[in-house]
Each structure stands twice: as structure tokens, then as C-alpha cells.
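Residue numbers (this note's numbering): 57 to 334. Built from N, CA and C at the ideal position, the CB exists for glycine as well.
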Ligand code: FE
Ligand code: FE
Ligand code: ZN
């Protein structure tokens, strides 16, 4: 069965996201761990969380994904931005222990002019400071498009981060189809080779989730603009190959396409219709 969902709003609470997911034919979803611009986190009500847990087990949900705010930057040149990022991440990871969600995805960061190596070292330092013994959550590094001074546009950069983190049994990767196509990994013309590269450099056992997005811009353009499924440069055939790839097909796929709920429902139905059952 295709494990598919999309990004949902936490504004109605946790159980509400589960209901939204069911209403659009999804069996997983992604949500922001807190306001996308950073700031205060939402109170967690045990009854709300328990209701989501029940809904998930009754309906056989695949793993959920929390996404850190976009503004979180562990490797900014500005020390106060770095400190704020660590505080938010530490708090997120502690609150995640209370949720039926054990995957926490974040953008490795932008080095803002210090250079890739300095950026990578700051990311490692930050992760080593905020991860704690016994945590259930696996922290996922998202593959990025490499726009601007973004870290994570190359598999090798993610590998270096993983190697530097002390608790790296709790580090994984979330692969974003729009981002890697933008970054110069040709998932349309050479998907097998890209997956092999990923396996050699990072290891497929570190791959926990896929952000399934089409791309508004051409291959290698480093722009990071998501397109609705089938309407971009990756295209429906390209995305069909991704969801059916033998090494990927059982992972949770999360849509981050420009849509409201009804648009997500249509994309989910479309993707289910081109998923090979076996
Ligand atoms: Fe992201
Ligand atoms: Fe993404
Ligand atoms: Zn993106």
C-alpha cells in the first residue's frame, strides 16, 4: 500500500490533523513542530494526543513527520540566530517525546557566507548540544536544493554532518524530490543511479521519508519552487517512478505542493492510481 500524506496545519490540534488526513485519503501527514516563523510552541493536550494515537492505530497510519520552522538556522553567521535555533530545536525534541511521531525533519541551514565547512561544523555542534540520551526521535536532515548558501545540496555534505554527530544512530535523511532535482540529481533521467549514489554516500538505511513534490524550474536550477504533481519539470512519469522504485516504495511520501485540502485529495487519488500494488 502507498503510504501517502501531505503537509497539514496544526491549528486545529493533533487529532484534527488525523481527521483531515483521513478525509483526503492519506495515511500519514507532516506538520510544523511550531509556528513556521519560529516563536512559541503549541500546548500539547494529552487527550488530543491520545485521540490521534487511537485514530492512527485504527486506520493503520504510516509514520508521521514533524518539520522544524524554516527560520531555524543552526549555522547562521549570527550567534543569536544560532542560539535561538538550538533553543527551539531542544524544546521541539523534548516535546516530541509526548507525540506519536518520532521523525523530526529540519533544513540543515544556510552558512550565510562563512563557507560550507564552517556551516557543517556549526550544524554538528548544534545537534550535539540539543540531542539527548534516550530520545525516541530520529532527527532527519532534509536534502536541499543548494540555493544561496544552503548546506545540504550534496549527499556528501549530509554524510559529513552524520559523521560528526555523536548520537548518529538517531540521525536520518528526508529526501525532497524537488530539491534534489534542483540540486542536480537527475531523478528523471537516471533515478537508479541517483538512488545508488545515495546508498553509497549516505546509506539507504538512513532514508526515513520522501517529500514528494514536482518542480517549477528546470533540472539543476537551484531555485526550490515546488509545483503541483504532474505539472512541473519532474512530471507524473518521473514521480511515478519514484513512488514505485523498489528501494523507496514502502517509505512515507509527503506532499508539499501548493494546494489546499481538495487539491491534496486529488493528488493523493492520482498517485494511488499509478502505484503498482503487489
Ligand atoms: Fe522542508
Ligand atoms: Fe521538503
Ligand atoms: Zn522546498
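Check                                                                                                          : Outcome
Neighbourhood of residue 297 by C-beta, 7 Å cutoff - its chain only, sequence neighbours within 5 removed      : 247
Contact set for residue 179: own chain, Cβ-Cβ below 6 Å, skip 5 residues either direction                      : 130, 131, 164, 165 and 217
Residue 234 CB to nearest heavy atom of ligand 3 below 7 Å                                                     : yes
Whole-angstrom C-beta distance between residue 269 and residue 312, which should lie under 8 Å                 : 5 Å
Rounded separation between residue 83 and residue 119 - CA only                                                : 9 Å
Delimiting residues of the alpha helix (DSSP H) encompassing residue 195                                       : Run containing residue 195: none in the alpha helix (DSSP H); it sits in the beta strand (DSSP E), 194-198.
Simplified DSSP assignment, three categories, for residue 229                                                  : strand
Residue 104 CB to nearest heavy atom of ligand 3 below 7 Å                                                     : no
Chain-ordered residues, beta carbon under 6 Å from a heavy atom of ligand 1                                    : 123, 163 and 198
Presumed contact (8 Å Cβ cut-off) between residue 228 and residue 264, rounded CB distance                     : 4 Å
Cβ shell of residue 282 (< 6 Å), same chain only, five flanking positions each side left out                   : 234, 269, 312 and 313
Residue 280: CB within 7 Å of a non-hydrogen atom of ligand 3                                                  : yes
For residue 186, the nearest candidate out of 107, 278, 259 and 141 (CA to CA)                                 : 141
Alpha-carbon to alpha-carbon, residue 95 and residue 203                                                       : 25 Å
Run of the beta strand (DSSP E) containing residue 160, from where it starts to where it stops                 : 159-162
Inter-residue Cα distance where the pair is residue 107 and residue 156                                        : 10 Å
Residue 271, DSSP secondary structure in three states                                                          : strand
Residue 167: CB within 7 Å of a non-hydrogen atom of ligand 2                                                  : no
Beta carbon of residue 327 nearer than 8 Å to that of residue 58                                               : yes
Own chain residues within Cβ distance below 7 Å of residue 173, not counting five before or after              : none
Reduced DSSP category for residue 178 - H, G, I as helix; E, B as strand; rest coil                            : helix
Nearest to residue 272 (by Cα), restricted to the options 103, 168 and 290                                     : 290
Reference residue 195, options 206, 124 and 143, closest by Cα                                                 : 124
Which of helix, strand or coil DSSP assigns to residue 265                                                     : strand
3-residue-minimum beta strand (DSSP E) runs that sit fully inside the stretch 102-188, ordered along the chain : 121-123 and 159-162
CA-to-CA distance, residue 331 to residue 60, given in whole angstroms                                         : 11 Å
Contact test: residue 312 Cβ vs ligand 2 heavy atom, cutoff 7 Å                                                : yes
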